[in-house]
Amino acid sequence: MALPVGGIVPFSATDWPGRLTLSVFTQGCPLRCVYCHNPSLQGFEPTPYTFGSALSLLEERRGLLDGMVISGGEPLSCHALPAAIAAVHAAGFKVGLHTSGYSPKRLAVLLDDPSTRPEWIGFDVKALTRDIPGVAGCTPAVAQRMRESLDLVARAAAKHGMGLQLRTTLWHGSPMDNNLAELKELAAGYGQELVLQWARDCDSNGRYHGAGLAEYSAPRP
């Protein structure tokens with residue numbers, strides 16, 4: 001099964017701090033974040049992109065690019081993710097991964113194997129665990145799994161020297177308005193400084209949703 005690719009950015013200087021990358025955006029995301037910037041990646045629609053074409057582009061830029069960032073969507077929802085990371089490594093490139101930690105079970109498998117362990121992870125801390133269901137449109141059980149994944153990446157960073165960035169997205173009216181300090185303390189407990197980014201008023205399809213961000217939605221039943 002091939003990695004479902006919804007988009008490719010042939011050159012990025014921002015998706016992995018300090019690295020030049022080709023970035024792949026996977027299709028399929030079980031979350032429904034209130035500030036979602038890539039709603040077109042939530043489902044699976046036909047696209048002209050393939051993981052094979054991404055690897056070919058990466059090879060063409062050998063000597064210019066450091067590696068590939070796999071973003072989403074939520075890459076951990078893709079069964080083909082381990083094989084994709086292994087293929088990039090086999091080609092001699094490094095891998096960065098963007099994830100919210102949706103599946104700690106799949107994440108643990110990646111981190112335990114050097115061939116599938118990313119050199120760097122940008123981990124999206126959606127909110128404090130108690131607030132995640134309302135922010136990400138998920139169940140409390142999924143929110144708890146994300147916290148488990150946070151523990152996993154922090155341990156992998158300490159054990160294997162894997163690069164790690166913890167970041168969270170802010171908007172006016174979000175739960176972080178009242179508990180950002182607590183979230184920063186959580187990151188500090190893992191030896192990390194929390195990176196802050198602001199939600200965009202328009203998604204990647206050009207649809208305006210800025211006004212809706214001011215209305216923090218309650219957790220789904």
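Each residue of the sequence shown is one higher than the last, beginning at 1 in the UniProt record's numbering.
Glycine residues also receive a C-beta, built at the ideal position from the N, C-alpha and C atoms.
If you measure between the beta carbons of residue i and residue j, is that distance less than 8 Å?
i	j	result
residue 15	residue 96	yes
residue 118	residue 148	no
residue 129	residue 143	yes
residue 70	residue 84	yes
residue 77	residue 36	no
residue 3	residue 13	no
residue 33	residue 122	no
residue 101	residue 150	yes
residue 161	residue 120	no
residue 72	residue 22	no
Roughly how many angstroms separate the alpha carbons of residue i and residue j, rounded to a whole number?
i	j	result
residue 219	residue 59	Residue placement at residue 219 is poorly supported in this model, since its pLDDT is 37, which falls under 50; the coordinates still yield a value, given next. Going from the Cα of residue 219 to the Cα of residue 59 covers about 44 Å.
residue 81	residue 175	32 Å
residue 139	residue 187	22 Å
residue 168	residue 196	5 Å
residue 92	residue 38	29 Å
residue 131	residue 165	21 Å
residue 259	residue 74	Only positions 1 to 221 of the chain appear in the structure, and residue 259 is not among them; the question remains open.
residue 193	residue 185	9 Å
residue 57	residue 157	29 Å
residue 9	residue 113	27 Å
residue 182	residue 124	16 Å
residue 180	residue 108	28 Å
residue 55	residue 199	30 Å
residue 172	residue 127	14 Å
residue 145	residue 66	31 Å
residue 155	residue 189	12 Å
residue 135	residue 115	33 Å
residue 61	residue 27	24 Å
residue 50	residue 170	32 Å
Figure out for me which residue from the options has the closest Cα to the Cα of residue i.
i	options	result
residue 53	72, 87, 41	87
residue 94	76, 64, 102	64
residue 230	45, 182, 34	The chain is shown only over 1 to 221; residue 230 falls outside these bounds and no answer can be derived.
residue 11	33, 170, 191, 68	68
residue 191	199, 179, 153, 170	153
residue 79	61, 49, 110	110
residue 47	62, 189, 5	5
Go ahead and label residue i buried or exposed: buried means 16 or more other beta carbons lie within 10 angstroms of its beta carbon, across all protein chains shown.
i	result
residue 18	exposed
residue 133	buried
residue 159	exposed
residue 106	buried
residue 43	exposed
residue 24	buried
Would you say the beta carbon of residue i is closer than 7 Å to some non-hydrogen atom of the ligand SAH?
i	result
residue 91	This structure simply doesn't include the ligand SAH, nor any ligand for that matter.
Exercise for the section: With a floor of 3 residues, list each beta strand (DSSP E) that falls wholly inside the region 37-80, ordered by position along the chain. Expected result: The qualifying runs are 67-71.
Practice task
Starting from the N-terminal side, write out each stretch of the beta strand (DSSP E) that is 3 residues or longer and does not extend beyond the region 138-211.
Solution key: The qualifying runs are 163-170, 195-198.
Problem - Uninterrupted alpha helix (DSSP H) stretches inside the region 92-137 (no shorter than 4 residues) - result: Segments of the alpha helix (DSSP H) lying fully in the region 92-137: 104-112, 132-136.
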